[in-house]
Every structure is written in C-alpha cells, then in structure tokens.
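Take a look at the structure set out below.
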Amino acid sequence: MNENVKVGGILDQLANVALVLGLLLTTASFILTFTIVPVPQSNLNVVPADQPPAEIGGLYVTNALMFSQKIFYFHMPVAVISLGILFFTALFGIMFLIKRDHRWDLNAKVATEVSLVFILMTMATGEFWTAYEWNAWWVWEPRLTTYLILTLLVIGYFILRNAVDDPERRAVFASVFGILAFIDAVVSLLITRIIPSSRHPVITREGGLEPLMVMALVVCIFGMIFLAYGIYRTRIREQRLRIRLDTIKERLED
Amino acid sequence: MDPILQEIYSTVLGGAPFVIGAYALLWVVLLVYILYISLSLKKTEKQMAALEEALREKK
Numbered sequence: 006m007n008e009n010v011k012v013g014g015i016l017d018q019l020a021n022v023a024l025v026l027g028l029l030l031t032t033a034s035f036i037l038t039f040t041i042v043p044v045p046q047s048n049l050n051v052v053p054a055d056q057p058p059a060e061i062g063g064l065y066v067t068n069a070l071m072f073s074q075k076i077f078y079f080h081m082p083v084a085v086i087s088l089g090i091l092f093f094t095a096l097f098g099i100m101f102l103i104k105r106d107h108r109w110d111l112n113a114k115v116a117t118e119v120s121l122v123f124i125l126m127t128m129a130t131g132e133f134w135t136a137y138e139w140n141a142w143w144v145w146e147p148r149l150t151t152y153l154i155l156t157l158l159v160i161g162y163f164i165l166r167n168a169v170d171d172p173e174r175r176a177v178f179a180s181v182f183g184i185l186a187f188i189d190a191v192v193s194l195l196i197t198r199i200i201p202s203s204r205h206p207v208i209t210r211e212g213g214l215e216p217l218m219v220m221a222l223v224v225c226i227f228g229m230i231f232l233a234y235g236i237y238r239t240r241i242r243e244q245r246l247r248i249r250l251d252t253i254k255e256r257l258e259d
Numbered sequence: 174m175d176p177i178l179q180e181i182y183s184t185v186l187g188g189a190p191f192v193i194g195a196y197a198l199l200w201v202v203l204l205v206y207i208l209y210i211s212l213s214l215k216k217t218e219k220q221m222a223a224l225e226e227a228l229r230e231k232k
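Quick look at the structure:
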C-alpha cells in the first residue's frame, strides 16, 4: 500500500451516519427492553427447587429467566455480531491469500479488532448473567468453553501480528489464523445444537420469544450492525490515513 | 418493610445489580473504543494536515 490509498469515499462518509443510527437504535432497544417488553413466563417444569415461583401481575415467575433475562437483549446481538465479523476476517484473509494485496490484510486486521470489541462485550454481559443465574462466574460448559477459545484465538491473532516483522509473512500467517478463528466461531455457534445437553439457553429449544421480545431484539441487532459498520469504517479510514502519512514521511526522509 | 413488597423485590430485582453491571460494562467498552478510534482519527488527520501545509510551504 502507498500514499495513494483511497481515503474519504462515500463509504467513509456513511460511517458517521451508521454510528448515529446505531446509537439511536441501541438506545431505542434499551428503552423498549425496560419498558414494554414483558418478563418471560417461566417454564414451571424447569424451575429449580431452591427458586420457588411467585405470582406477580398474574404471571408465575421465578428468578430463573426473569429480570436477569433483560441481559439477553444486548448479549445475544453482540455475540452474533462478534461471530459475524469474523466471517469478514476469514473472507478478507482468503482474498489476501488469493490476491496478495495488503489492503485485504488491513481490512482483516480491522475487522478482527472490531470483533474483539464485540467479543469483550459478549463476555462481559454473559459473565454477569452466568454469575446470577448459575451462581458462578465461570462454568466449563461447551458454549462458554468454545467462546473462550475463540477469545484467546482473536487475542492470539494480534500477538501473532506483533511477533512477525516481515509484512508479507505477517499477512499470510494472520490470514490463515483469521480463517482458523472463524472455524472456531462456527463451532461455537453450533455447539448448543451439537451438544443438546449444554446448559447455555437456546431460543428455539426453550419455546421461542414473544413478539415484543423479538422486536426489542431485532432493533438491537440492527443497531449493533450499524455500530459495528460505523466503527469498522472509521478505523479503516484512520489506518489508511496513517499508512499514507507514514509513506509520505519515509519519502521525505529519503 | 412490607413482607409482600419484600418478597416482590427479592424475586423481581434480585438480578438488578447484575443487569446494571452487564449493561454498564457493555456501554463502557463500546464508548471507550469509539472514543479511542475517534481521537486516533483526529490526531492522524491533524498530522496529515500539518504535513501537507509543510509541503506547500517548502514548494
């Protein structure tokens, strides 16, 4: 890449719009979640013995899957998006391996960085839910374990990048590593289907969601998609400008 | 405290600190990162502008 790398196109201009839209939609989802979205009616067959149900507002509710379920409306979108962005990491990695153009490597690096932010948000929200519902900050359960491996792989991706000096080798290693991380992302996504005994809740297994719950969830998913896109484009713009700046500085020094 | 209210609060809001903690941490991570990339972009743009200015003066 050189100082002619494209910066400030229509996609960059859309980044700010996406960020604002994302913030608006996620705030709307937050308000919906705590105002009109009902608490789930618990399935009395799965109520633990130490959490007897109570009748509140005509609903039988328990600590399990009740107020703490509100975490779900943000936890699930950020988790899905963290995995979705890794698809782009793998895609850009494959594109680099085919074309050997470092723009693809930069795209993959930034996508992985944004994915890491969403992974951290997923871990944070998930940990609080686990701490309350399962009474433990960590459980070696298939979904959590595969997601932890994914987190370590994504952190490892950046350690690997920093450890290799040669740009060509660094890009090749990082591309392959990004593809491997995406494979683990797919495993993590499907693990609750592969191992049905997993304790991690699965919407389809537990009777689905009411329309208002779906609405809050969809609004949040779209908000997070816009945020992820806005963050990605802003970061790409900054990185490209930095490369252009460094190239010009090097030429001036020569 | 009224025993019924106490029961309601203990049942309904038992998870409140965890819900608040989860949401707070989520927004902190997101906003800190957005702030970080915005500041980085501003800094880089400023350096670019300074460099362009210096080049113009040199010509």
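Line by line, the protein sequences give chains A and B.
Residue numbers for the first sequence, in this note's numbering: 6 to 259.
Residue numbers for the second sequence, in this note's numbering: 174 to 232.
Idealized CB from N, CA, C, for every residue including glycine.
| Item | Value |
| --- | --- |
| Could you say which of A23(A), L121(A), L222(A), Q74(A) lies nearest to P206(A) if we only look at CA atoms? | Q74(A) |
| First and last residue of the alpha helix (DSSP H) that includes S180(A)? | 172–199 |
| Just checking my contact of V83(A) with T130(A) at CB under 8 Å: how many whole Å lie between their CB atoms? | 7 Å |
| Relative to the alpha-carbon of T127(A), which residue among E226(B), W200(B), K219(B), P176(B) has its alpha-carbon at the smallest distance? | W200(B) |
| At a Cβ threshold of 7 Å, is Y234(A) touching chain B? | no |
| Which of helix, strand or coil does DSSP assign to H205(A)? | coil |
| Where T40(A) and F77(A) are concerned, what is the direct C-alpha to C-alpha distance, given to the nearest angstrom? | 15 Å |
| Cα separation between A141(A) and T135(A)? | 6 Å |
| May I ask which residues mark the beginning and end of the alpha helix (DSSP H) holding N112(A)? | 107–138 |
| Which class does G14(A) belong to by DSSP, given the choice of helix, strand or coil? | coil |
| Hey, how far is the Cα of Y209(B) from the Cα of P176(B)? | 49 Å |
| When you compare each of A23(A), K254(A), N112(A), D251(A) to A179(A) by their alpha carbons, which one comes out closest? | N112(A) |
| Applying a beta-carbon distance threshold of less than 9 Å, which residues of chain B neighbour T117(A)? | Result: empty, since nearest Cβ-Cβ is about 14 Å, beyond 9 Å. |
| What do you reckon, are the CB atoms on L250(A) and Q220(B) nearer than 7 Å? | yes |
| Let me know the secondary structure DSSP gives M174(B) once reduced to three states. | coil |
| Suppose you measure from the CA of A69(A) to the CA of F97(A); what does that come to, to the nearest Å? | The predicted model places A69(A) with a pLDDT of 49, which falls under 50 and marks its position as unreliable; any figure quoted below should be read in that light. Each residue's alpha carbon lies about 41 Å from the other. |
| Given this structure, state the Cα-to-Cα distance separating P147(A) from L157(A), to the nearest angstrom. | 15 Å |
| CA-CA distance, F72(A) and G14(A)? | 45 Å |
| Assuming contact is defined by CB atoms lying nearer than 7 Å, are G27(A) and G235(A) in contact in what I supplied? | yes |
| Thinking C-beta only, is L16(A) closer than 7 Å to R238(A)? | yes |
| Output needed for Y137(A): all residues of its chain with C-beta closer than 6 Å, excluding positions within five of it in sequence on either side, in chain order. | S73 |
| Report the three-state DSSP secondary structure of W142(A) (helix, strand or coil). | coil |
| Would you call the CB atoms of S34(A) and V181(A) closer than 7 Å? | no |
| For K232(B), which of helix, strand or coil comes out of DSSP? | coil |
| Would you call the stretch 189–205 of chain A and the stretch 99–113 of chain A in contact, with 3 or more CB pairs under 8 Å? | no |
| Rounded to the nearest angstrom, what separates R90(A) and M174(B) at their Cα positions? | Checking the sequence, you will find Ile at residue 90(A) rather than Arg. Approximately 50 Å between the Cα atoms of the pair. |
| Using a Cβ-Cβ cut-off of less than 7 Å, list which residues of the stretch 212–228 of chain B approach chain A; keep chain order. | S213, L214, T217, E218, Q220, M221, L224 |
| When the Cα atoms are used, what is the spatial distance from T197(A) to E225(B)? | 55 Å |
| For E173(A), go through chain B and note every residue whose CB falls closer than 8 Å to its CB, in chain order. | Chain B residues near E173(A): none, gap ~25 Å exceeds 8 Å. |
| Given a cut-off of 7 Å, decide if T38(A) and A221(A) are closer than it, judged by their beta-carbon atoms. | yes |
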